[in-house]
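Per full-length UniProt numbering, residue 1 is the first one in the sequence shown, and the count goes up by one each step. Yeah, the Cβ is synthetic: ideal placement off N, Cα and C, and Gly gets one too. Since this is a predicted model, take the numbers as computed values, not measurements. The structure appears below as structure tokens.
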Amino acid sequence: MTENSTAKKKTALVTGANKGIGYEIAAGLARLGFRVGVGARDTGRRDDAVQKLRAEGLDVFGVPLDVTDDASVAAAAAQLEEQGGLDVLVNNAAITGGVPQEPSKVSADQVLRVVDTNVVGVIRVTNAMLPMLRRAGSPRIVNVSSTVGSLTLQTAQAEAVGPISGAYSPTKSYLNAVTVQYAKELAGAGILVNAGCPGYVATDLNGHRGTRTPEQGAAVFLHLATLPDGGPNGTFRDEAGTQPW
Ligand SMILES: NC(=O)c1ccc[n+]([C@@H]2O[C@H](COP(=O)([O-])OP(=O)(O)OC[C@H]3O[C@@H](n4cnc5c(N)ncnc54)[C@H](OP(=O)(O)O)[C@@H]3O)[C@@H](O)[C@H]2O)c1
Numbered sequence: 001m002t003e004n005s006t007a008k009k010k011t012a013l014v015t016g017a018n019k020g021i022g023y024e025i026a027a028g029l030a031r032l033g034f035r036v037g038v039g040a041r042d043t044g045r046r047d048d049a050v051q052k053l054r055a056e057g058l059d060v061f062g063v064p065l066d067v068t069d070d071a072s073v074a075a076a077a078a079q080l081e082e083q084g085g086l087d088v089l090v091n092n093a094a095i096t097g098g099v100p101q102e103p104s105k106v107s108a109d110q111v112l113r114v115v116d117t118n119v120v121g122v123i124r125v126t127n128a129m130l131p132m133l134r135r136a137g138s139p140r141i142v143n144v145s146s147t148v149g150s151l152t153l154q155t156a157q158a159e160a161v162g163p164i165s166g167a168y169s170p171t172k173s174y175l176n177a178v179t180v181q182y183a184k185e186l187a188g189a190g191i192l193v194n195a196g197c198p199g200y201v202a203t204d205l206n207g208h209r210g211t212r213t214p215e216q217g218a219a220v221f222l223h224l225a226t227l228p229d230g231g232p233n234g235t236f237r238d239e240a241g242t243q244p245w
């Protein structure tokens, strides 16, 4: 590959990409020809992920990134700016906040921690990356949400969508709401902003009880990251198609 064609490659950033679904989104985007920033807060796990992806011949680089830390997010944006900008942002990093999760039992600190990572973290990272995305040719913002955040599914289905949750699930509802607002604000700028659900995936997040592989979970986000210009904006989907908010 010539130096010129390398310079024209699109760049993607995936937050929380050292393991689980984020790792597979990073791998999938790199296999599609993106240069991928592996965003991760833990140095050792980030280096391991980068090394493993490079061993596959993929064009990836590590981006130190704690989505709850303004300075870390600013440094990540500066790094990407220095390396030529950003075309695709995948907001994947999240935590559950642990147990208990029942609304009557969660503590204020627990809820604030989950909101700070799963919602404010997305806003913090998105706003820091937006100047670069606004300059990109076909910019995309992909938010990794969950059907547990769909109030329609939570209330319409006889069987519960996920366990009762006073911290994690509401942050995904909030994230869905934020996705809609970004989509409305950025529609004129040609930036497509969409959210997706990976399904129930076996990762550390759920003690590997999920029934799908991280690679299967990543597929919907690869789709949203590579939507054509004029494609859907402000939508929520899983592998079965569009889902209600
Ligand atoms: N697994 C499922 O069934 C499922 C279903 C629906 C939606 N999701 C969503 O899928 C996404 C990925 O989850 P996963 O299942 O792959 O879980 P995971 O294996 O626990 O991965 C979560 C990732 O987020 C990172 N992270 C957490 N807090 C962070 C912070 N403050 N700054 C930067 N990175 C941070 C973690 O990094 P560390 O290694 O440093 O902790 C890790 O890389 C999440 O948004 C989750 O809500 C998962």
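I need the DSSP call for G196, collapsed to helix, strand or coil.
If you number the sequence shown from 1, residue 196 lands on position 196. DSSP places G196 in strand when its eight states are reduced to three.
Candidates I21, P131, A93 and V220: closest to V67 by CA position
Residue 67 sits at position 67 when you count from the first residue of the sequence shown. Comparing Cα-Cα distances from V67 to each of I21, P131, A93 and V220, the minimum goes to A93.
Is it the case that the stretch 136-145 contacts the stretch 225-240, given that we only count it when at least three CB pairs across the two stretches are under 8 Å?
yes
Point to revise | Same chain, Cβ closer than 7 Å to L86, neighbours up to 5 away in sequence not counted | key: Position 86 of the sequence shown, counted from the start, is the residue given in the question as residue 86. Non-local beta-carbon contacts of L86 in its own chain, meaning distances under 7 Å to residues more than five positions away in sequence, involve T11, L13, L80, M129, M132, L133 and A136 in chain order.
Pull the bridge partners of L89 from the DSSP assignment, please. In the sequence shown, the residue the question calls residue 89 occupies position 89. DSSP lists L13 and I141 as partners of L89.
What I want to know is whether the C-beta of Y200 ends up closer than 7 Å to one or more non-hydrogen atoms of ligand 1. The residue labelled residue 200 in the question sits at position 200 within the sequence shown. At least one heavy atom of ligand 1 is nearer than 7 Å to the Cβ of Y200, so yes.
- Query: Does ligand 3 have a heavy atom nearer than 7 Å to the CB of I95?
  - Reply: This structure simply doesn't include ligand 3; it includes ligand 1 instead.
- Message: Helix, strand or coil, according to DSSP, for V63 in the structure here?
- Response: On the sequence shown, residue 63 is found 63 positions in, with the first residue counted as 1. Reduced to three states, the DSSP call for V63 is strand.
* To do: May I have the straight-line CA-CA distance separating R212 from G199, to the nearest angstrom?
  => As a working mapping, residue 212 is identified with position 212 in the sequence shown. As a working mapping, residue 199 is identified with position 199 in the sequence shown. So the alpha carbons of these two residues sit roughly 7 Å apart.
Exercise for review: Please check the pair A49 and A17, which I expect to be a contact at CB under 8 Å, by giving their CB distance rounded to whole angstroms.
Suggested key: If you number the sequence shown from 1, residue 49 lands on position 49. If you number the sequence shown from 1, residue 17 lands on position 17. With a Cβ gap of about 6 Å, A49 and A17 count as contacting.
Near ligand 1: A218 beta-carbon under 7 Å from a heavy atom: The count along the sequence shown starts at 1 and reaches residue 218 at position 218. The answer is no for A218.
Check whether the Cβ atoms of G234 and V178 sit closer than 8 Å, and answer yes or no. Walking along the sequence shown from the start, residue 234 turns up at place 234. Walking along the sequence shown from the start, residue 178 turns up at place 178. For G234 and V178, no; Cβs fall outside 8 Å.
Query raised in the report: Since V36 is in the alpha helix (DSSP H), which residue starts that stretch and which ends it?
Result: By 1-based counting over the sequence shown, the position of residue 36 is 36. First-last for V36: R35 to A40, but that is the beta strand (DSSP E), not the alpha helix (DSSP H).
- Residues near I164 in its chain [Cβ-Cβ closer than 6 Å; skip 5 each side]: Locating residue 164 in the sequence shown gives position 164, counting from the first residue. Counting only Cβ-Cβ distances below 6 Å, and skipping sequence neighbours, we find E102.
In three-state terms, what does DSSP make of G97?
For the purposes of this step, residue 97 is identified with residue 97 of the sequence shown, where counting begins at 1. Correct three-state label for G97: coil.
Whole-angstrom Cβ separation of G33 and K9, contact assumed at under 8 Å? Locating residue 33 in the sequence shown gives position 33, counting from the first residue. Locating residue 9 in the sequence shown gives position 9, counting from the first residue. About 7 Å separates the two Cβ atoms, so the contact holds.
Query - Member of G97, R45, T43 and A27 whose CA lies at the smallest distance from the CA of L205 - result: Position 205 of the sequence shown, counting from 1, holds the residue named residue 205. Of the candidates G97, R45, T43 and A27, G97 places its Cα closest to the Cα of L205.
Next on the checklist: So, with DSSP's three-state summary, where would you put R135?
Outcome noted: Looking up residue 135 in the sequence shown gives position 135. Here R135 sits in helix by DSSP.
Are S145 and K184 close, meaning C-beta to C-beta below 8 Å?
On the sequence shown, residue 145 is found 145 positions in, with the first residue counted as 1. On the sequence shown, residue 184 is found 184 positions in, with the first residue counted as 1. No, the pair does not count as a contact, with Cβ atoms beyond the cut-off.
- Comparing alpha-carbon positions, which option in L29, V115 and L65 lies nearest L53? Here residue 53 refers to the residue found at position 53 of the sequence shown. Minimum Cα distance to L53 is reached at L29.
Tell me which residues share the same chain as G20 and place their Cβ nearer than 7 Å to its Cβ, disregarding the 5 neighbours each side in the sequence.
Taking the first residue of the sequence shown as 1, we reach residue 20 at position 20. Cβ contact annotation for G20 (same chain, cutoff 7 Å, sequence separation greater than five): T203, D204, L205 and P214, in chain order.
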